[in-house]
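J.:
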Amino acid sequence: MFKRLCLYCIILLPSAIKAEPINLYVQFIPGLFQYDKQGVYDQVIRLATPENHSISLQVLPNHRASNKFKTCTNCCVSPANLNPDFYSFGNEVRATQPLNRAKAYIFSLTKDEVYTKLTQLVGKRVGLERGMNYGKAVAAGDFIPSVTNSLLQNFKMLMIHRIDTMIAYTPDIYQAFKEVDPKHFHFDKDQPVAIHDDALVCRGVGPGFIKGFNTRLEALRSTGKLKEVLGELYVAP
Numbered sequence: 045m046f047k048r049l050c051l052y053c054i055i056l057l058p059s060a061i062k063a064e065p066i067n068l069y070v071q072f073i074p075g076l077f078q079y080d081k082q083g084v085y086d087q088v089i090r091l092a093t094p095e096n097h098s099i100s101l102q103v104l105p106n107h108r109a110s111n112k113f114k115t116c117t118n119c120c121v122s123p124a125n126l127n128p129d130f131y132s133f134g135n136e137v138r139a140t141q142p143l144n145r146a147k148a149y150i151f152s153l154t155k156d157e158v159y160t161k162l163t164q165l166v167g168k169r170v171g172l173e174r175g176m177n178y179g180k181a182v183a184a185g186d187f188i189p190s191v192t193n194s195l196l197q198n199f200k201m202l203m204i205h206r207i208d209t210m211i212a213y214t215p216d217i218y219q220a221f222k223e224v225d226p227k228h229f230h231f232d233k234d235q236p237v238a239i240h241d242d243a244l245v246c247r248g249v250g251p252g253f254i255k256g257f258n259t260r261l262e263a264l265r266s267t268g269k270l271k272e273v274l275g276e277l278y279v280a281p
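Numbers 45 to 281, taken from the numbering used here, label the letters of the sequence shown in order.
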């Protein structure tokens with residue numbers, strides 16, 4: 045009887061035991077990652093996380109999320125990717141497939157002055173959001189950066205001409221446009237200055253998590269569920 049019981053326990057063990065929770069550090073982005081864990085990226089990650097894994101999600105200001113990831117193990121950071129135009133993580137990390145993508149645009153107040161290239165911003169005051177990664181090309185831009193704590197604050201500063209223009213991502217802007225009138229702001233949807241894949245970048249996690257996450261994410265994508273969850277914050281390739 046004892047031998048049968050032990051054999052039964054061994055059979056159940058792989059499915060009964062979950063891996064140690066993975067610490068996921070995410071940037072607070074209204075509508076995407078939120079402190080109440082109800083952002084669309086919060087929801088997608090819950091759906092895509094393999095059943096035999098669990099995630100401990102911590103929503104942090106932009107710079108704190110990236111700083112936490114520098115020294116952690118068994119952890120991930122998001123939104124992030126392995127594109128060297130944005131990050132220099134090294135070889136010890138792996139990334140999931142992207143949940144969504146973000147496209148950075150230059151915004152102006154007039155239709156007659158729509159910017160599509162960073163070279164057009166020489167000498168101009170350009171609004172940026174603190175801790176936001178716009179890519180190395182933007183970081184090296186020959187303009188005067190005006191850094192604030194929120195995207196909404198930049199739109200308001202542009203409205204009163206405290207800055208000449210600003211750089212911001214879709215889908216982030218869609219939440220801000222609920223509080224400021226988007227008719228005031230102009231950009232060329234066909235000319236992003238940067239494209240960022242919004243994925244999870246992980247260190248020290250088992251390959252089973254990445255594989256399982258990608259499998260479930262692809263199922264969400266193929267059935268249309270991913271686009272449904274992202275809703276108005278979905279950004280087309």
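Idealized CB from N, CA, C, for every residue including glycine.
Can you name the residues that DSSP bridges to Asn177?
T.: Asn177 pairs with nothing; no bridge assigned.
J.: Considering only the beta carbon of each residue, do Gly179 and Asp129 sit closer than 8 Å?
T.: Result yes, Cβ atoms of Gly179 and Asp129 sit closer than 8 Å.
J.: Taking three-plus beta-carbon pairs below 8 Å as touching, is the segment 237–245 in contact with the segment 195–208?
T.: Verdict: no, contact absent.
J.: Could you pull out every residue in the same chain whose Cβ sits closer than 8 Å to the Cβ of Cys119, ignoring the five residues on either side in sequence?
T.: For Cys119, where only same-chain residues beyond five positions count, the Cβ hits under 8 Å are Ile66, Asn67, Leu68, Tyr69, Lys112, Phe113, Cys246, Arg247, Gly248, Val249.
J.: With a cut-off of 8 Å on the beta carbons, I'd call Ala243 and Ala124 a contact; round off their distance for me.
T.: Right, their Cβ atoms sit about 7 Å apart.
J.: Per the DSSP calculation, Ala139 is bridged to which residue(s)?
T.: DSSP lists Val245 as partners of Ala139.
J.: The alpha helix (DSSP H) spanning Pro251 covers which residue range?
T.: Pro251 -> alpha helix (DSSP H) spans 251–267.
J.: Leaving out the 5 sequence neighbours to the left and right, which residues in its chain are closer than 6 Å to Glu173 when beta-carbon positions are compared?
T.: Counting only Cβ-Cβ distances below 6 Å, and skipping sequence neighbours, we find Leu195.
J.: Go ahead and label Val191 buried or exposed: buried means 16 or more other beta carbons lie within 10 angstroms of its beta carbon, across all protein chains shown.
T.: Its Cβ having fewer than 16 others within 10 Å, Val191 is exposed.
J.: Tell me whether Pro189 sits in a helix, a strand or coil according to DSSP, three-state version.
T.: In this structure, Pro189 counts as strand in the three-state DSSP scheme.
J.: How is Pro123 classed by DSSP in three states: helix, strand or coil?
T.: Strand, per DSSP.
J.: What does the alpha-carbon distance come out to for the pair Gly75 and Val84?
T.: Their Cα atoms are separated by approximately 6 Å.
J.: Which class does Ser100 belong to by DSSP, given the choice of helix, strand or coil?
T.: Strand at Ser100.
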